[in-house]
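Using my numbering, the first residue of the sequence shown is number 3, and each one after it goes up by one. Positions of the beta carbon are idealized from the N, C-alpha and C atoms, including for glycine.
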Amino acid sequence: MARFTLPRDVYFGRGTLEELKNLTGKKAIVVVGGGSMKRFGFLDKVEANLKEAGLEVQLFEGVEPDPSVETVMKGAAAMREFEPDWIVAIGGGSPIDAAKAMWAFYEYPEVTFEDLITPFSFPTLRQKAKFLAIPSTSGTATEVTAFSVITDYAKGIKYPLADFNITPDVAIVDPDLAETMPQKLVAHTGMDALTHAIEAYVSTVASPFTDPLAIKAIQMVMQYLPASYNGCSNAKEQMHYAQCLAGMAFSNALLGIVHSMAHKTGAAFSTGHIPHGCANAIYLPYVIKYNAKDMRAAKRYEDIANALGLDGIDALCARIDEFNQRLGIPKTLKEFGINEAEFKEKLSAISENAIGDACTGSNPRIPTQDEMEKLFTCIYYGTEVAF
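Structure, rendered in structure tokens:
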């Protein structure tokens, strides 16, 4: 039996933060990251609108990029003390992802982090609170997905948590918030959105419900990302919607090994943290060539190329390479700055961890340890994938 799950309500368009004035409840805890939402006045608007709706408001601030297990536990403790009936998360993927995990520990204090790592194993939520998400970046689409990524820094591993329970109840997709993104973040989040849509389309559990969302998202990213990167306000708005469509697709169709590899390498190297969207952008064309050895996947990549007016898989990969170059994203891990000796030292471990990632199961090809090491090696040096 297949399933297709989205938030009950998605409000989109400029000024839709005003919808918070219509929220019904008693208490709302607002989970937020660094100071950008406060600096640009959006946090004040959220607080004011919630208070106008008659809710008592408390803030949980300071969620770091790539939120940690420790931050999640602190937030859950704050929720247990305040006892909100709404959890409102605003910002990039990090505060929203963190708030999703906090939600589980708020409602079920006895649950352990290890209990939640197994995909689709969450206890039933909404016993104490509902969840509203407001994204400020145009990439993760966590406002409409059943996923959260939490980092265990002691182990150097990102864990993707997956369960339809953590799909938000309400998403407010207001492009005014995305206007504030710096150029590099526009690039990384945009390529993250493209990867979401492409992996969703070639996933082994793609369906007639997810395919149109994925294809439309791919077309929109290819059309609007360059102009968004160069500061066009309308293009930024369209990218905010495109990433949301991609999220709707991959939340239900799942992802593949581009994400598996990014999850397991983002925090793995001492010579440089690899931002998630940047890692996806680097890995994507190599993985396409690896997956294209599978006949079904090859046909699906051909579909994507046709939808973009391109002549085949090689042209699709060339277009992605061109985008990366225009967006200042390196072509290889060596070019990114990962130390060669450390890469070789950790190659076996990151390959094993990537194979074991929750996203691997829906990839068109399930790589062996040897294949994954070869794939990483191609990505490190920029050599052709021919296996």
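Outcome for residue i when other beta-carbon atoms lying within 10 angstroms are tallied against a minimum of 16
i: S138; result: buried
i: K346; result: exposed
i: G258; result: buried
i: N236; result: exposed
i: Q240; result: buried
i: I368; result: exposed
i: R5; result: exposed
i: P162; result: buried
i: R302; result: buried
i: P9; result: buried
i: V207; result: exposed
Straight-line gap, residue i to residue j (C-alpha atoms, nearest Å)
i: Y243; j: S38; result: 21 Å
i: G64; j: G35; result: 5 Å
i: A202; j: F62; result: 33 Å
i: M183; j: Y292; result: 33 Å
i: P177; j: C246; result: 11 Å
i: A216; j: M374; result: 26 Å
i: V204; j: G43; result: 40 Å
i: F389; j: F124; result: 38 Å
i: K157; j: A270; result: 9 Å
i: T169; j: Q129; result: 15 Å
i: P277; j: L187; result: 9 Å
i: I31; j: A78; result: 11 Å
i: G358; j: G268; result: 16 Å
i: P86; j: R321; result: 47 Å
i: G274; j: L318; result: 29 Å
i: S230; j: A248; result: 17 Å
i: Y285; j: L57; result: 45 Å
i: L179; j: G192; result: 15 Å
i: A356; j: T18; result: 39 Å
i: P287; j: A143; result: 22 Å
i: S353; j: L377; result: 9 Å
CA nearest to the CA of residue i, picked from the options
i: G314; options: R328, N326, A299; result: A299
i: H265; options: A307, S209, I152; result: I152
i: K295; options: Y108, F84, V387; result: V387
i: P214; options: F252, S230, Y231, L179; result: F252
i: F14; options: I136, A131, K132, K47; result: I136
i: I98; options: S272, P121, V74; result: V74
i: I200; options: G330, A219, S353; result: A219
i: E112; options: A91, I89, R82; result: R82
i: D400; options: V172, I92, T144, F133; result: Residue 400 lies beyond the stretch modelled for the chain, which goes from 3 to 389, so this question has no answer here.
i: Q371; options: A208, T334, L349, M250; result: L349
i: P366; options: S272, K376, S262; result: S262
i: G94; options: E337, T206, V175, C361; result: V175
i: N232; options: A143, G330, F149; result: G330
i: N24; options: R41, T334, T147, L134; result: L134
Proximity test, Cβ basis, 7 Å: residue i and chain D
i: Y226; result: In the structure shown, chain D cannot be found, because there is only a single protein chain.
Open item on the list: Going residue by residue through the region 263–313, where are the continuous beta strand (DSSP E) segments of at least 3 residues, counting only ones entirely within it?
Closed with: none
Task: Inside the region 344–376 only - alpha helix (DSSP H) runs reaching at least 4 residues - done: none
TODO: Could you name each continuous alpha helix (DSSP H) segment of 4 residues or more that falls completely within the region 32–56, going from the start of the chain to the end?
DONE: 38–41, 44–54
Open item on the list: Three Cβ pairs or more, each shorter than 8 Å: is that satisfied between the region 110–121 and the region 40–54?
Closed with: no
Open item on the list: So, does the region 94–110 touch the region 68–86, judging by three or more C-beta pairs under 8 Å?
Closed with: yes
Open item on the list: Would you call the region 194–201 in contact with the region 223–234, where contact means no fewer than 3 C-beta pairs closer than 8 Å?
Closed with: yes
Open item on the list: Taking 8 Å as the cut-off, does the region 338–353 touch the region 297–311 (at least 3 CB pairs, one atom from each stretch)?
Closed with: Fewer than three beta-carbon pairs drawn from the region 297–311 and the region 338–353 are found closer than 8 Å, and the two stretches are therefore not classed as touching.
TODO: Would you list, in sequence order, the uninterrupted alpha helix (DSSP H) runs of no fewer than 4 residues that lie entirely inside the region 206–271?
DONE: 213–231, 235–255, 259–267
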